[in-house]
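Heads up: the structure comes next, in structure tokens.
Numbering (the numbering used here), first residue to last: 22 to 152.
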């Protein structure tokens with residue numbers, strides 16, 4: 022049994038759900054759910070699914086070339102690509118519309134780079150360490 026993996030899964034789930042509730046409450050107080058937000062979210066969903074579809078095709082080509090991949094590794098790669106592509110696209114689209122001052126733009130760019138770096142790091146960890 023992999024205790025570290027179970028703890029990470031539990032803590033990741035709890036922190037994700039906690040952040041989601043916190044953001045929903047904050048967004049309702051600031052009235053952030055408008056047509057622009059819904060449009061950005063819709064575009065982010067579409068683009069992240071296109072990126073995920075491309076990832077599935079790349080994994081399929083890799084498997085057809087003879088590389089052995091476990092089901093856990095494939096599902097984890099697809100999951101990471103889906104989540105981080107949605108977060109990156111959402112951050113980028115919000116940056117283009119909502120950032121008014123230089124400080125806000127720098128903060129948004131920093132968060133976008135953080136999403137990209139973390140997503141790439143998690144993909145590398147998945148590819149290298151999951152059997």
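Where is the CB? At the ideal position from N, CA and C, for every residue including glycine.
For residue 76, the nearest candidate out of 146, 138, 35, 99 (CA to CA): The candidate whose alpha carbon is nearest that of residue 76 is 99.
For a minimum of 3 consecutive residues, which ranges assigned as the beta strand (DSSP E) are wholly contained in the region 96–129? none
Check whether the region 114–134 touches the region 79–88, counting contact only when three or more Cβ pairs, one atom from each stretch, lie closer than 8 Å. Contact check between the region 114–134 and the region 79–88: fewer than three CB pairs, one atom from each, fall below 8 Å, which does not count as touching.
Using the beta-carbon count (16 or more within 10 Å), is residue 44 buried or exposed? Around the C-beta of residue 44, fewer than 16 other C-beta atoms lie within 10 Å, and the residue is accordingly described as exposed.
Are there 16 or more other CB atoms within 10 angstroms of the CB of residue 150, so buried, or fewer, so exposed? exposed
Does the beta-carbon distance from residue 34 to residue 101 come in below 9 Å? no
Using a Cβ-Cβ cutoff of less than 8 Å, which residues in the same chain neighbour residue 114 once the five nearest sequence positions on both sides are dropped? Excluding five sequence positions before and after residue 114, the CB atoms of its chain that fall closer than 8 Å to its own CB belong to 61, 64, 65, given in chain order.
Would DSSP call residue 46 helix, strand or coil? helix
Whole-Å CB distance - residue 106 paired with residue 72, under 8 Å assumed: 4 Å
Roughly how many angstroms separate the alpha carbons of residue 54 and residue 46, rounded to a whole number? 11 Å
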